[in-house]
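Chemist: My questions all concern the structure below.
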Amino acid sequence: MPMIRLNNLQMRTLALLQELAEKSELASTNEETGEITLFNLPQAHKEAHGDHLHIGRLTVSTRFASGLINPNVWGTLERKGLARANWPHAITITAEGLALKTGIRESMLAASDH
Numbered sequence: 001m002p003m004i005r006l007n008n009l010q011m012r013t014l015a016l017l018q019e020l021a022e023k024s025e026l027a028s029t030n031e032e033t034g035e036i037t038l039f040n041l042p043q044a045h046k047e048a049h050g051d052h053l054h055i056g057r058l059t060v061s062t063r064f065a066s067g068l069i070n071p072n073v074w075g076t077l078e079r080k081g082l083a084r085a086n087w088p089h090a091i092t093i094t095a096e097g098l099a100l101k102t103g104i105r106e107s108m109l110a111a112s113d114h
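Numbering (full-length UniProt numbering), first residue to last: 1 to 114.
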């Protein structure tokens, strides 16, 4: 896979989308392509508990999640072949988007204490 350049916001958003893709209640997998479509994404501005929001049993700071509601970020991920956007309803993460190693998921996500 060729080097794909993403800015920090785009990289954080892709990492969160990858995490959300593992949560079956939010995702639909295309068995033929391996692509995963996400519906009902958490919205940092609506679903935050103070300074964080929940993704399954994990929490993420709202400052890391702002790309989930940013159409420009979705558009960039689409242009780079990492996703297909149906803003604001759903986003499909391509096999390339799922395979890209962001290296930052663990640093953004923490176990929930509530």
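Even for Gly, the Cβ is constructed at its ideal location relative to N, Cα and C.
Cutting at 7 angstroms between CB atoms, please list the residues of its own chain near His45, excluding the five before and the five after it.
Modeler: Any answer about His45 is weak, because its pLDDT of 46 lies below 50 and its placement is not dependable; what the coordinates show is given next. So the list reads Ile69, once near-sequence residues are dropped.
Chemist: Please classify Thr29 as buried or exposed, where buried requires at least 16 other C-beta atoms within 10 Å of its C-beta.
Modeler: exposed
Chemist: With DSSP as the reference, label Asn86 as helix, strand or coil.
Modeler: strand
Chemist: When you compare each of Leu20, Arg5, Asn8 and Gly97 to Gly56 by their alpha carbons, which one comes out closest?
Modeler: Nearest C-alpha to Gly56: Leu20.
Chemist: Whose C-alpha, out of Asn86, Glu22 and Ala90, is nearest the C-alpha of Asn40?
Modeler: Ala90
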